[in-house]
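Novice: Just passing along the structure, written as structure tokens.
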Amino acid sequence: MITIEKLFENVSYTSSADISKIKIKGIATDSRQVKDGDLFVCIKGKDDDGHKHALEAQMLGAVAILAEHATESGLPTAIVTNSRQSYSKICQNFFEKPHLKLKIVSIVGTNGKTTTSYIAEHLLKSAGYKTGVIGTIGYKILDETYEADLTTPDSFTLNRLFRKMVRAGVEIVVMEVSAHAIAQDRLYGITSDISIFTNVSPEHLDYFCDFSQYYDTKLSFFKNGMTKSAIVNVDDNLGRELYKTLDMPIISYGIDEPSDVFAMEIKRKPRGTSFIVNVFDEIYELFMPLYGKYNVLNALSAITLLKTLKVPLPIIAESLQKLPPIPGRFNIFSYKNAKIIVDFAHTPDGLDNLLRTARTLTRGKMITVFGCGGNRDKGKRKKMGEIAARLSDAVIVTEDNSRTEPLTNIISDIMEGVKGNGKVFIVEERREAVEFAASLLSDGDLLVVAGKGAEKYIERNGRRVRYSDVDEAIALSRGER
Numbered sequence: 002m003i004t005i006e007k008l009f010e011n012v013s014y015t016s017s018a019d020i021s022k023i024k025i026k027g028i029a030t031d032s033r034q035v036k037d038g039d040l041f042v043c044i045k046g047k048d049d050d051g052h053k054h055a056l057e058a059q060m061l062g063a064v065a066i067l068a069e070h071a072t073e074s075g076l077p078t079a080i081v082t083n084s085r086q087s088y089s090k091i092c093q094n095f096f097e098k099p100h101l102k103l104k105i106v107s108i109v110g111t112n113g114k115t116t117t118s119y120i121a122e123h124l125l126k127s128a129g130y131k132t133g134v135i136g137t138i139g140y141k142i143l144d145e146t147y148e149a150d151l152t153t154p155d156s157f158t159l160n161r162l163f164r165k166m167v168r169a170g171v172e173i174v175v176m177e178v179s180a181h182a183i184a185q186d187r188l189y190g191i192t193s194d195i196s197i198f199t200n201v202s203p204e205h206l207d208y209f210c211d212f213s214q215y216y217d218t219k220l221s222f223f224k225n226g227m228t229k230s231a232i233v234n235v236d237d238n239l240g241r242e243l244y245k246t247l248d249m250p251i252i253s254y255g256i257d258e259p260s261d262v263f264a265m266e267i268k269r270k271p272r273g274t275s276f277i278v279n280v281f282d283e284i285y286e287l288f289m290p291l292y293g294k295y296n297v298l299n300a301l302s303a304i305t306l307l308k309t310l311k312v313p314l315p316i317i318a319e320s321l322q323k324l325p326p327i328p329g330r331f332n333i334f335s336y337k338n339a340k341i342i343v344d345f346a347h348t349p350d351g352l353d354n355l356l357r358t359a360r361t362l363t364r365g366k367m368i369t370v371f372g373c374g375g376n377r378d379k380g381k382r383k384k385m386g387e388i389a390a391r392l393s394d395a396v397i398v399t400e401d402n403s404r405t406e407p408l409t410n411i412i413s414d415i416m417e418g419v420k421g422n423g424k425v426f427i428v429e430e431r432r433e434a435v436e437f438a439a440s441l442l443s444d445g446d447l448l449v450v451a452g453k454g455a456e457k458y459i460e461r462n463g464r465r466v467r468y469s470d471v472d473e474a475i476a477l478s479r480g481e482r
């Protein structure tokens, strides 16, 4: 238990009475999850407002309220200016500010966050660091993995993870930071030691008003005191603008643009990619078991991070060539005399990079299976349909987390971009779509299954149903389908 006095350290609030000695057992933002002794935090969201549920929280055992204005409950209430920011800070206090005992590396961008985090974690562990990871695929504490509901968890879960990491002896945390997390102040009051900017392209425009707001949200992480230093991809147009404007220790990386750390002589090999890296004029030849120019950029950001920690390039090189497969990221499976690639690419830029890279691995035909999420950014559907049709020999349009939106509407939007572009099939059920696509393969062909990566479920009609592209590819490779 903790008193409100300690819980609200460095958090300004007003109250009609002295509430400082009230003892709190826990913190909740969802009234349905309130337990006896909890502080209920009222947060106004996109679809609902926690202030409307204060009475319900009281009935379930809440002993105090944090809110931006008075509520119907008769509970002692701390009135604050911004509930989200106050929530973030009291969660830090509740878990005894564990972030201050960790070195935090944040990764910000539209594409490449997960791959970059996995490369960085692998290199750090090889260099002797005890690591934690917070990201899309899962949360890791040393070698233990926990399932992730959000790329960047809510403030309570985040700080609870940080405390577990501290207790486990973790030294460095590599954390993917989503635009939603920045906009919702989930990390308010937490300053990263180093932050990597990968790239920005249109995404989540169902949540953000337009691309400008989305981009500004990403940039605000670097401009509002949330990081002490930055590593920036200057091959990205907006990354170059960010690099010019930041007033902090900053390192640039890239391939096509002049930068502090860059790659040259990039060559595709049978099992990956070789390239020469130049780190402030220190030159070394590297190999990684990943394909594609975009993955060279991901590797460069992780290499730059390791160099800021004074890890020698020979150690980085030896570790990079032993990089294990990244779940759901360009995973390759054999199927008869053809191949299947499973990848998480779910944005126009991501799909374009994936298909252009995949094309270099086959002299046969390339078939793409993909869909788009429901109740999400509709603007990308036509673009992704056009990209898939233009870069593939055949396309199978299917489901991908339709949620509560009619699948026919989603497919219709995708087909606007596919029209008149080669062979196109619609197979609504995703497993059937993958199996149908596999049946079209001949010797030397390639099937690309895009959009879900390592996800272990599919959302349809508001329910989660167990399904995995990776499991389906494995079953096909074993002859079980």
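Counting in the working numbering, the sequence shown runs from 2 upward without gaps. Every residue gets a Cβ at the ideal spot worked out from N, C-alpha and C, and that includes glycine. Nothing here was measured: the structure is a model prediction, and the numbers come from that model.
1. I need the straight-line Cα distance from H100 to K245, nearest angstrom please.
2. Applying the criterion that 16 or more other CB atoms from any shown protein chain within 10 Å of the CB defines a buried residue, is P349 buried or exposed?
3. Look up D446 in the DSSP assignment and say whether it is helix, strand or coil.
4. What would DSSP say about M249, mapped onto helix, strand or coil?
5. State the Cα-Cα distance for the pair L355 and L314, rounded to the nearest angstrom.
6. To test your reading of the DSSP string, which unbroken alpha helix (DSSP H) runs of 4 or more residues are found completely within the stretch 334-422?
7. For D261, name the three-state secondary structure that DSSP assigns.
8. What residues in its chain sit with their C-beta under 6 angstroms from that of H54, if we drop five residues either side in the sequence?
9. Would you mind sorting M2 into buried or exposed? The rule is 16 or more other CB atoms within 10 Å of its CB.
10. Where do the ends of the alpha helix (DSSP H) carrying A318 lie?
11. Could you check how far apart the C-beta atoms of S156 and I80 are, in whole angstroms? I think they sit under 8 angstroms.
12. Output the boundary residues of the beta strand (DSSP E) element that contains V106.
13. On a CA-only basis, which of I316, K294, L442 is nearest T337? Give me that one, please.
14. What are the partner residues of F276, as DSSP defines its beta bridges?
15. Would you kindly report the start and end of the unbroken alpha helix (DSSP H) that includes F212?
16. Do V178 and F222 have their C-beta atoms within less than 8 angstroms of each other?
17. What do you get for M249, buried or exposed, if any count of 16 or more other CB atoms within 10 angstroms of its CB means buried?
18. Under the three-state reduction of DSSP, which class applies to I142: helix, strand or coil?
19. From N296 to S87, what distance separates their C-alpha atoms?
20. At what residues does the alpha helix (DSSP H) containing E473 begin and finish?
21. Considering only the alpha carbon of each residue, which of I327, Y292, T309, L287 lies closest to E321?
22. Rounded to the nearest angstrom, what separates A389 and V343 at their Cα positions?
23. With distances taken from CA atoms, which of F163, K45, Y189 is nearest T30?
24. Have a look at the DSSP bridge pairing and note the partners of A65.
25. Output the distance between the C-alpha atoms of S253 and I197, rounded to the nearest integer angstrom.
26. Please list the terminal residues of the continuous alpha helix (DSSP H) segment that includes M60.
27. What residue range does the alpha helix (DSSP H) around Y208 cover?
28. By how many angstroms is the C-alpha of M227 removed from the C-alpha of L206?
29. Going by CA-CA distance only, name the one from G27, V12, V201, D49 that's closest to F41.
Specialist: In this structure, then:
1. For H100 and K245, the distance between alpha carbons rounds to 29 angstroms.
2. Result: buried.
3. Of the three classes helix, strand and coil, the one that applies to D446 here is coil, per DSSP.
4. In the structure shown, M249 adopts coil according to DSSP, grouped into three states.
5. Roughly 28 angstroms between the two C-alpha positions.
6. DSSP runs (the alpha helix (DSSP H)) wholly in the stretch 334-422: 349-360, 380-392, 408-419.
7. Coil at D261, not helix or strand.
8. Sequence-distant Cβ neighbours of H54 in its own chain, meaning closer than 6 angstroms and more than five residues away, are S32.
9. With fewer than 16 other CB atoms across the displayed protein chains lying within 10 angstroms of its CB, M2 is exposed.
10. Counting along the chain, the unbroken alpha helix (DSSP H) around A318 starts and ends at 314-321.
11. About 19 angstroms; that fails the 8 angstroms criterion.
12. Where V106 is concerned, the enclosing beta strand (DSSP E) stretches over 104-109.
13. Before going further, note that residue 337 is Lys rather than Thr in the sequence given. It is L442 whose Cα lies nearest to the Cα of K337.
14. In DSSP, F276 forms a bridge with L287.
15. 212-224 is the span of the alpha helix (DSSP H), which, as asked, contains F212.
16. Pairing V178 with F222 gives a Cβ-Cβ distance under 8 angstroms.
17. So M249 counts as exposed.
18. It is a strand residue.
19. In a straight line, the C-alpha of N296 is about 38 angstroms away from that of S87.
20. Taken as a continuous stretch (DSSP letters only), the alpha helix (DSSP H) holding E473 covers 470-478.
21. The sequence given here places Leu at residue 321; Glu does not occur at that position. Shortest Cα-Cα distance from L321 to any of I327, Y292, T309, L287 involves L287.
22. When rounded, the distance between both Cα atoms is 15 angstroms.
23. T30 has its Cα closest to that of K45, out of F163, K45, Y189.
24. DSSP output for A65 lists L40 as bridge partner(s).
25. If you take the alpha carbons of S253 and I197, they lie about 10 angstroms apart.
26. 55-60 is the span of the alpha helix (DSSP H), which, as asked, contains M60.
27. Under the DSSP assignment, Y208 falls outside any alpha helix (DSSP H); it carries neither an H nor an E label.
28. A straight line joining the alpha-carbon of L206 with that of M227 spans about 24 angstroms.
29. By alpha-carbon distance to F41, the top candidate from G27, V12, V201, D49 is G27.
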